[in-house]
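**Q**
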Amino acid sequence: MNPENSTNPAWLREIDLALCAHPQILLTGNVRDLYRLPDPGFAGRVRFMGLVEALWSVAQPRGYGALLAYSTGVGVELISATPEGRTAAEGVLREADVEQRRPLHLAQVRDLITAVTDLDRRRAAGPPVALVLSDAARLFTGELLSPEERLFLATADRLAYRALPVGTGYNTIFWVLDREHDLPAWFATGNHTLRITGIPEPDLSARLATAGDMAAKLPEMPADEAERDAIARRFAEASHGMRLRSMQDVVRLAAAAGIPGGRIDDAVRAFRVGVPDNPWQSAGLRDRLRTAEKELGNRVLGQPDAVRRVLDILARSATGLAGAHTGNTSKPRGVLFFAGPTGVGKTELAKALAELLFGDENAYLRFDMSEFSAEHSEARLIGAPPGFIGHDAGGELTNGIRQQPFRVVLFDEIEKAHQRLLDKFLQILDDGRLTDGRGGTVYFTEALIVFTTNLGIVVPGEDNKPVENVTDEMELPEIEERVRQYIEVFFRHLIGRPELYNRVEQSIVVFDFLRPEAALEIADRTIGRVAEAVRRNFGATLEFSDSAREELLQQATYNLRNGGRGIVATIESILLNPLARELFARPPVPGQTLRVAAIEPQGQNYVLVMA
Numbered sequence: 066m067n068p069e070n071s072t073n074p075a076w077l078r079e080i081d082l083a084l085c086a087h088p089q090i091l092l093t094g095n096v097r098d099l100y101r102l103p104d105p106g107f108a109g110r111v112r113f114m115g116l117v118e119a120l121w122s123v124a125q126p127r128g129y130g131a132l133l134a135y136s137t138g139v140g141v142e143l144i145s146a147t148p149e150g151r152t153a154a155e156g157v158l159r160e161a162d163v164e165q166r167r168p169l170h171l172a173q174v175r176d177l178i179t180a181v182t183d184l185d186r187r188r189a190a191g192p193p194v195a196l197v198l199s200d201a202a203r204l205f206t207g208e209l210l211s212p213e214e215r216l217f218l219a220t221a222d223r224l225a226y227r228a229l230p231v232g233t234g235y236n237t238i239f240w241v242l243d244r245e246h247d248l249p250a251w252f253a254t255g256n257h258t259l260r261i262t263g264i265p266e267p268d269l270s271a272r273l274a275t276a277g278d279m280a281a282k283l284p285e286m287p288a289d290e291a292e293r294d295a296i297a298r299r300f301a302e303a304s305h306g307m308r309l310r311s312m313q314d315v316v317r318l319a320a321a322a323g324i325p326g327g328r329i330d331d332a333v334r335a336f337r338v339g340v341p342d343n344p345w346q347s348a349g350l351r352d353r354l355r356t357a358e359k360e361l362g363n364r365v366l367g368q369p370d371a372v373r374r375v376l377d378i379l380a381r382s383a384t385g386l387a388g389a390h391t392g393n394t395s396k397p398r399g400v401l402f403f404a405g406p407t408g409v410g411k412t413e414l415a416k417a418l419a420e421l422l423f424g425d426e427n428a429y430l431r432f433d434m435s436e437f438s439a440e441h442s443e444a445r446l447i448g449a450p451p452g453f454i455g456h457d458a459g460g461e462l463t464n465g466i467r468q469q470p471f472r473v474v475l476f477d478e479i480e481k482a483h484q485r486l487l488d489k490f491l492q493i494l495d496d497g498r499l500t501d502g503r504g505g506t507v508y509f510t511e512a513l514i515v516f517t518t519n520l521g522i523v524v525p526g527e528d529n530k531p532v533e534n535v536t537d538e539m540e541l542p543e544i545e546e547r548v549r550q551y552i553e554v555f556f557r558h559l560i561g562r563p564e565l566y567n568r569v570e571q572s573i574v575v576f577d578f579l580r581p582e583a584a585l586e587i588a589d590r591t592i593g594r595v596a597e598a599v600r601r602n603f604g605a606t607l608e609f610s611d612s613a614r615e616e617l618l619q620q621a622t623y624n625l626r627n628g629g630r631g632i633v634a635t636i637e638s639i640l641l642n643p644l645a646r647e648l649f650a651r652p653p654v655p656g657q658t659l660r661v662a663a664i665e666p667q668g669q670n671y672v673l674v675m676a
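The sequence shown begins at 66 in my numbering and counts up by one.
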């Protein structure tokens with residue numbers, strides 16, 4: 066290895082060594098970024114380079130004389146050369162009969178790589194020459210290769226085997242690919258003369274160094290060095306999952322928008338989601354959170370402990386402390402895992418949170434995971450891959466977040482999702498982003514993610530028949546302990562996904578059974594909504610005798626196994642259906658009072674006895 070290149074990143078040092086032993090090198094991964102590398106012209110200085118320049122920074126010290134680059138639509142260009150190497154590169158262009166900066170047909174590109182590889186056969190001595198195919202995957206038009214494309218790859222495969230060393234290296238062909246499988250496996254992995262090098266996304270140390278270089282360009286940076294260093298670290302942590310090129314763009318955005326360095330998190334968020342304002346930090350949200358316990362308690366009845374636990378998690382998100390313990394601020398703003406019996410308010414609380422947080426109940430995106438139990442259902446969430454029907458439409462989840470990044474996203478009955486989707490949830494929880502079917506990145510950093518489940522209420526018994534794990538006779542602490550234990554067993558052992566449990570363990574909120582007091586209030590409110598509908602639609606007043614109301618409440622709250630939904634369904638059956646028949650047969654006049662004296666069963670139906 067060249068001593069002057071010892072400070073290069075590992076992937077570039079790997080390429081430095083590969084030049085000595087491999088005539089063709091495949092580069093994949095983070096190939097479109099900028100790279101912070103030592104400046105060859107100034108000892109002790111660093112600068113940002115594109116991939117082609119980075120390759121020349123290691124090829125030239127290895128004795129290479131010239132670096133050519135070809136890209137679709139632009140043609141071939143001589144990027145850098147020594148005087149002797151320039152002569153060799155011009156000879157390659159003459160041999161291939163191509164001109165610089167002119168688009169080429171695939172056959173001409175094939176002649177070009179042949180001329181580069183065979184250069185050593187046409188001369189007695191001279192420096193090696195390298196050719197970079199900057200967008201190699203775009204040389205091919207689709208999944209199935211045409212005869213001309215197969216001939217191109219067969220020629221490249223043959224050239225790799227017949228290449229001869231030149232000095233300490235080869236006349237090298239670099240293939241630049243976004244993904245290794247952009248080329249057929251028989252070519253990419255079947256030829257042992259090829260070297261495959263993956264370029265990783267920048268890690269925290271690379272982002273820290275980059276943030277330190279760029280921090281001085283941020284507006285209104287403090288003079289104190291310690292404060293500047295702290296801002297640089299926040300910049301590096303907030304840019305988790307971003308590339309160095311994007312970090313440069315964040316600095317430009319901050320300068321254009323006048324976002325001071327002390328608010329670098331806002332600049333990163335504006336770059337990711339396109340919205341400079343931050344509803345999570347607004348004074349209005351803080352005011353709403355202060356009174357939210359009472360408001361949410363009035364909307365979701367009988368769940369004071371769950372509401373209090375949810376508000377604690379939201380306060381952490383609103384104060385920017387979510388993710389503070391890991392240093393990763395690219396995670397979603399908050400994660401909630403609602404567990405408990407059916408019909409106790411889990412979905413209703415998620416809707417209420419959307420209105421509380423963003424002032425709009427429509428800032429709520431719900432997915433019933435029972436509809437995503439098949440493997441192919443992934444395409445509905447993130448979009449179909451290229452070549453499949455619906456590819457251009459995108460996914461319901463990714464489109465929704467792209468259009469409105471400040472949202473509550475509810476995944477209802479998570480345990481019913483296909484296991485392949487669990488990997489997508491992990492990516493959202495860890496990195497706060499997803500790549501859709503079209504290759505675009507969607508960020509969840511401003512979203513509140515809510516999962517719901519009925520796990521732990523009814524569990525398989527010894528004979529695999531369902532048995533009640535918890536009942537309404539138990540107190541909430543025992544219910545919570547039993548439900549949490551089963552959720553852990555489910556994720557760790559039954560489906561073998563402990564990593565997902567680890568991500569949600571601290572966000573589990575266990576809901577209590579619907580108790581009689583709350584059930585009566587739900588029933589009373591439902592009856593009130595029926596009366597309000599009569600007043601609104603007919604201008605009439607609906608009243609009940611004490612015995613009729615008592616009978617209605619008793620019937621509605623007799624069986625609480627189905628929670629609030631069961632109460633509403635019972636009132637619809639006992640009151641709403643016969644009332645609709647009565648109003649249809651004898652429409653009231655405005656100002657009339659309709660008094661229900663009694664409710665009596667009639668076969669499978671009910672009838673209202675009007676006073």
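Even for Gly, the Cβ is constructed at its ideal location relative to N, Cα and C.
H464 by DSSP, collapsed to three states: which one?
**A** Counting from one through the sequence shown, the residue named residue 464 turns up at place 399. Looking at the sequence provided, one finds Asn at residue 464 rather than His. Helix at N464.
**Q** Helix, strand or coil for Q669 per DSSP?
**A** Here residue 669 is taken as the residue at index 604 of the sequence shown, counted from 1. It is coil, neither helix nor strand.
**Q** Select from R317, S145 and Y429 the residue whose C-alpha is nearest the C-alpha of V194.
**A** Looking up residue 194 in the sequence shown gives position 129. It is S145.
**Q** What's the call for P267, buried or exposed, on a 16-neighbour Cβ count within 10 Å?
**A** As a first step, residue 267 is located in the sequence shown; it is residue number 202 there, counting from the start. Buried, because 16 or more other Cβ atoms sit within 10 Å of the Cβ of P267.
**Q** Relative to the C-alpha of P470, which candidate in F509, S211 and P344 has its C-alpha closest?
**A** One-based indexing of the sequence shown puts residue 470 at position 405. Comparing Cα-Cα distances from P470 to each of F509, S211 and P344, the minimum goes to F509.
**Q** Quick one: residues in its chain with C-beta nearer than 7 Å to the C-beta of V633, no 5 flanking neighbours on either side, listed in chain order?
**A** For the purposes of this step, residue 633 is identified with residue 568 of the sequence shown, where counting begins at 1. So the list reads T591, once near-sequence residues are dropped.
**Q** Identify which residue in H246, Q657, P212 and A280 has its Cα closest to the Cα of E608.
**A** Within the sequence shown, the letter at position 543 stands for residue 608. Taking only the C-alpha atoms, the option nearest E608 is Q657.
**Q** Taking all protein chains shown into account, decide if V654 is buried (16 or more other Cβ within 10 angstroms of its Cβ) or exposed.
**A** Here the question's residue 654 lines up with position 589 in the sequence shown. That one is exposed.
**Q** Where L494 and E426 are concerned, what is the direct C-alpha to C-alpha distance, given to the nearest angstrom?
**A** Taking the first residue of the sequence shown as position 1, residue 494 is located at position 429. Taking the first residue of the sequence shown as position 1, residue 426 is located at position 361. L494 and E426: Cα-Cα distance of roughly 23 Å.
**Q** Nearest-angstrom Cα distance between A201 and H305?
**A** Residue 201 sits at position 136 when you count from the first residue of the sequence shown. Residue 305 sits at position 240 when you count from the first residue of the sequence shown. Rounded to whole angstroms, A201 to H305 spans 28 Å at the Cα level.
**Q** Just checking my contact of Y129 with L196 at CB under 8 Å: how many whole Å lie between their CB atoms?
**A** Residue 129 sits at position 64 when you count from the first residue of the sequence shown. Residue 196 sits at position 131 when you count from the first residue of the sequence shown. With a Cβ gap of about 11 Å, Y129 and L196 do not count as contacting.
**Q** At the level of alpha carbons, what is the spacing between A474 and V409?
**A** Walking along the sequence shown from the start, residue 474 turns up at place 409. Walking along the sequence shown from the start, residue 409 turns up at place 344. A small correction: the amino acid at residue 474 is Val; Ala does not occupy that position in the sequence shown. Roughly 19 Å between the two C-alpha positions.
**Q** State the DSSP-derived secondary structure class of Y226, mapped to helix, strand or coil.
**A** In the sequence shown, residue 226 corresponds to position 161, counting from 1. Y226: helix per DSSP, three-state reduction.
**Q** Near R293, what residues of its chain come up, given a Cβ to Cβ distance below 7 Å and the 5 sequence neighbours on each side ignored?
**A** One-based indexing of the sequence shown puts residue 293 at position 228. Here the set comprises A280, M286 and P287.
**Q** Would you mind stating whether T182 and L224 have Cβ atoms separated by less than 7 Å?
**A** Position 117 of the sequence shown, counted from the first residue, corresponds to residue 182. Position 159 of the sequence shown, counted from the first residue, corresponds to residue 224. Taking 7 Å as the Cβ cut-off, T182 and L224 qualify as a contacting pair.
**Q** Give the C-beta separation of A297 and L259 to the nearest angstrom, bearing in mind that I take them to be a contact with Cβ-Cβ under 8 Å.
**A** To locate residue 297, count along the sequence shown from 1; it is residue 232. To locate residue 259, count along the sequence shown from 1; it is residue 194. The Cβ separation is near 40 Å, so there is no contact.
**Q** Just confirm the distance between the C-beta atoms of E564 and L486, as a whole number of angstroms; I'd bet it's less than 8 Å.
**A** By 1-based counting over the sequence shown, the position of residue 564 is 499. By 1-based counting over the sequence shown, the position of residue 486 is 421. In fact, because the Cβ distance is near 14 Å, the residues do not count as touching under 8 Å.
**Q** Could you round the C-beta distance between L309 and R97 to whole angstroms and report it? I think they count as a contact, below 8 Å.
**A** Taking the first residue of the sequence shown as 1, we reach residue 309 at position 244. Taking the first residue of the sequence shown as 1, we reach residue 97 at position 32. L309 to R97, Cβ: 11 Å. No contact.
**Q** Could you check the C-alpha separation between L659 and L644 for me, to the nearest Å?
**A** Within the sequence shown, the letter at position 594 stands for residue 659. Within the sequence shown, the letter at position 579 stands for residue 644. For L659 and L644, the distance between alpha carbons rounds to 10 Å.
**Q** In this structure, does DSSP put F555 in helix, strand or coil?
**A** Translated into the one-based positions of the sequence shown, residue 555 becomes position 490. Residue state, collapsed to three classes: helix.
**Q** If we ignore side chains and look at the alpha-carbon of each, how far apart do V575 and L350 end up?
**A** For the purposes of this step, residue 575 is identified with residue 510 of the sequence shown, where counting begins at 1. For the purposes of this step, residue 350 is identified with residue 285 of the sequence shown, where counting begins at 1. One C-alpha to the other measures close to 25 Å.
**Q** Quick one: give me the first and last residue of the alpha helix (DSSP H) that S122 is part of.
**A** As a first step, residue 122 must be located in the sequence shown, where it is residue number 57. Where S122 is concerned, the enclosing alpha helix (DSSP H) stretches over L116 to A124.
**Q** Where does L133 fall in DSSP's three states?
**A** Numbered from its first residue, the sequence shown carries residue 133 at position 68. Of the three classes helix, strand and coil, the one that applies to L133 here is strand, per DSSP.
**Q** Would you call the region 578 to 587 in contact with the region 358 to 370, where contact means no fewer than 3 C-beta pairs closer than 8 Å?
**A** Enough Cβ pairs lie closer than 8 Å, so yes.
**Q** Give the DSSP-derived three-state secondary structure of R445 in the structure shown.
**A** Taking the first residue of the sequence shown as 1, we reach residue 445 at position 380. R445: helix per DSSP, three-state reduction.
**Q** Output the distance between the C-alpha atoms of M114 and P284, rounded to the nearest integer angstrom.
**A** By one-based count along the sequence shown, residue 114 stands at place 49. By one-based count along the sequence shown, residue 284 stands at place 219. Rounded to the nearest angstrom, the two C-alpha atoms are 24 Å apart.
**Q** Enumerate, from N- to C-terminal direction, the unbroken alpha helix (DSSP H) stretches of 4 or more residues contained entirely within the region 467 to 520.
**A** Complete alpha helix (DSSP H) runs here, min 4: 484 to 496.
**Q** Under 8 Å: do the region 538 to 551 and the region 498 to 517 share three or more Cβ pairs, one atom per stretch?
**A** They do not touch, by the three-pair rule.
**Q** By alpha-carbon positions, which one of N534, A276, Q550 and V231 ends up nearest to H87?
**A** On the sequence shown, position 22 is the one that residue 87 refers to. The shortest Cα separation from H87 among N534, A276, Q550 and V231 belongs to V231.
**Q** Reducing DSSP to helix, strand and coil, say where L379 ends up.
**A** Taking the sequence shown and counting its residues from 1, one reaches residue 379 at position 314. It is helical.
**Q** Please state the DSSP three-state secondary structure of G392.
**A** Locating residue 392 in the sequence shown gives position 327, where the first residue counts as 1. Residue placement at G392 is poorly supported in this model, since its pLDDT is 49, which falls under 50; the coordinates still yield a value, given next. It is coil, neither helix nor strand.
**Q** Suppose you measure from the CA of D222 to the CA of S270; what does that come to, to the nearest Å?
**A** Position 157 of the sequence shown, counted from the start, is the residue given in the question as residue 222. Position 205 of the sequence shown, counted from the start, is the residue given in the question as residue 270. Going by the C-alpha atoms only, they are around 38 Å apart.
**Q** From this set, I261, G604 and L177, which residue's C-alpha is nearest L82's C-alpha?
**A** Position 17 of the sequence shown, counted from the start, is the residue given in the question as residue 82. Among I261, G604 and L177, the Cα nearest to that of L82 belongs to I261.
**Q** Would the beta-carbon of L91 fall within 7 Å of that of W240?
**A** Taking the first residue of the sequence shown as position 1, residue 91 is located at position 26. Taking the first residue of the sequence shown as position 1, residue 240 is located at position 175. Yes.
**Q** List, from N- to C-terminal side, the beta strand (DSSP E) runs of 3 residues or more that fit wholly inside the region 221 to 308.
**A** As far as the region 221 to 308 is concerned, its whole beta strand (DSSP E) runs of at least 3 residues are 237 to 241 and 259 to 264.
**Q** Using beta-carbon positions only, say whether A584 and L641 come within less than 7 Å of one another.
**A** Translated into positions along the sequence shown, residue 584 becomes position 519. Translated into positions along the sequence shown, residue 641 becomes position 576. In this structure, L641 does not lie closer than 7 Å to A584 by Cβ.
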